[in-house]
Amino acid sequence: MKRPRLLLRTSREAWSREMSDGPDYRIMDGEMAKSVRNPYPVPELSREGRWYAEGPVLGENVCADERRWYSKLEPHERLFSHQTLTSARRDCRYRSVEVPRDSLDLMLSSVYIHDRDLFLPKMYVMMQPETVNRETWRVLRNEIKVYSKAPVPLGHEIKYADIEPKGCAESSRATVGLKDRVRNKIHPSSLQLAIEGPHTDRTNPGYSRKIDGTYYGI
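FYI, in full-length UniProt numbering the residues of the sequence shown are 1 to 218.
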């Protein structure tokens, strides 16, 4: 069985044009990062360690850079080529350099800071940053990150396009007047649509008598 050379994509290059939905959203450096499911056969574990040799052993017809790599494979071939987080970490060609080896490494990578924290419970000495929703080198899910431009926040200043006057002076004045009318819009509820006339109502709305009890004259 051949070993195709594996080119692991970074989170910015993988699936950014094909996937648009994701459960997790974070804005970083003016860009919105979304976590989506990894469609490729090998999980992204570059933060935890690195692959030696040519990476994991895949099938002959498997391309690690294709999204639909499983379309032309048999069920047993897909099962053999698809790597999970556990199977990739246990591969002899993969080395995890960031994984703690003993209890001292766990304490050093915990959220507890000896210089700042005082009289905290003992569990904080071993509590890892992932427990308090902090992103670190650990990969907890077989997902990749897709970066896109962050949307414009609400409440920003409205920008109007400049209308250049064309033709004679009259057309330019008409264009400028049209632009002013477009900017100063009138709310529909403030329009007076009724026909005005000399006649006025002599009675108050909902009442037929004056304050002293007499009737209104017609």
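Glycine included, every Cβ here is placed at the ideal spot set by N, Cα and C.
What does DSSP give as the partner residues of residue i in its beta bridges?
i: Glu130; result: Paired residue(s): none; Glu130 is not in a bridge.
i: Lys149; result: Glu31
i: Ile144; result: Val36
i: Tyr94; result: Trp51
Among the options, which has the Cα closest to the Cα of residue i?
i: Val125; options: Arg50, Thr136, Leu108 and Lys210; result: Leu108
i: Asn38; options: Val152, Leu154, Tyr215 and Arg141; result: Arg141
i: Arg78; options: Asp91, Ala64 and Lys149; result: Ala64
i: His82; options: Arg95, Ser96 and Arg67; result: Arg67
i: Arg47; options: Asp117, Lys34 and Glu143; result: Glu143
i: Val42; options: Gly55, Ser96, Ser35 and Pro151; result: Gly55
i: Ile95; options: Val36, Arg50, Lys145 and Val62; result: The sequence shown places Arg at residue 95, rather than the Ile named in the question. Selected option, being the one with the closest Cα: Arg50.
i: Leu85; options: Val139, Leu154, Lys149 and Ser148; result: Val139
i: Ala53; options: Ala150, Lys72 and Asp91; result: Asp91
i: Ser35; options: Ala150, Lys145, Gly213 and Lys149; result: Lys145
i: Tyr40; options: Lys149, Arg116 and Val62; result: Val62
i: Glu31; options: Lys210, Tyr147 and Leu154; result: Tyr147
i: Ala33; options: Tyr70, Lys149 and Leu118; result: Lys149
i: Lys105; options: Lys210, Met127, Leu154 and Glu135; result: It should be pointed out that residue 105 corresponds to Asp in this sequence rather than to Lys. The residue with the shortest Cα to Cα distance from Asp105 is Met127.
When burial is assigned at 16 or more other CB atoms within 10 Å of the CB, is residue i buried or exposed?
i: Asp21; result: Because Asp21 sits at a pLDDT of 38, beneath the cut-off of 50, its placement in the model cannot be relied upon, and the point is left open.
i: Pro23; result: Only weak support exists for where Pro23 lies, its pLDDT of 41 falling under 50; the value from the coordinates is given anyway. It is exposed - the Cβ of Pro23 has fewer than 16 other Cβ atoms within 10 Å.
i: Glu44; result: buried
i: Tyr215; result: exposed
i: Ala88; result: buried
i: Val152; result: exposed
i: Gly213; result: exposed
i: Leu58; result: buried
i: Val132; result: exposed
i: Ala169; result: Summary for Ala169: the model assigns pLDDT 48, below 50, so the residue's position carries little reliability; its value from the coordinates is reported in the next sentence. With fewer than 16 other Cβ atoms within 10 Å, it is exposed.
Entirely enclosed beta strand (DSSP E) segments - the region 31–86, minimum 3 residues: 31–37 and 49–51
Contact between the region 110–117 and the region 82–102 (3+ Cβ pairs under 8 Å): Counting Cβ pairs under 8 Å, fewer than three are found: no touch.
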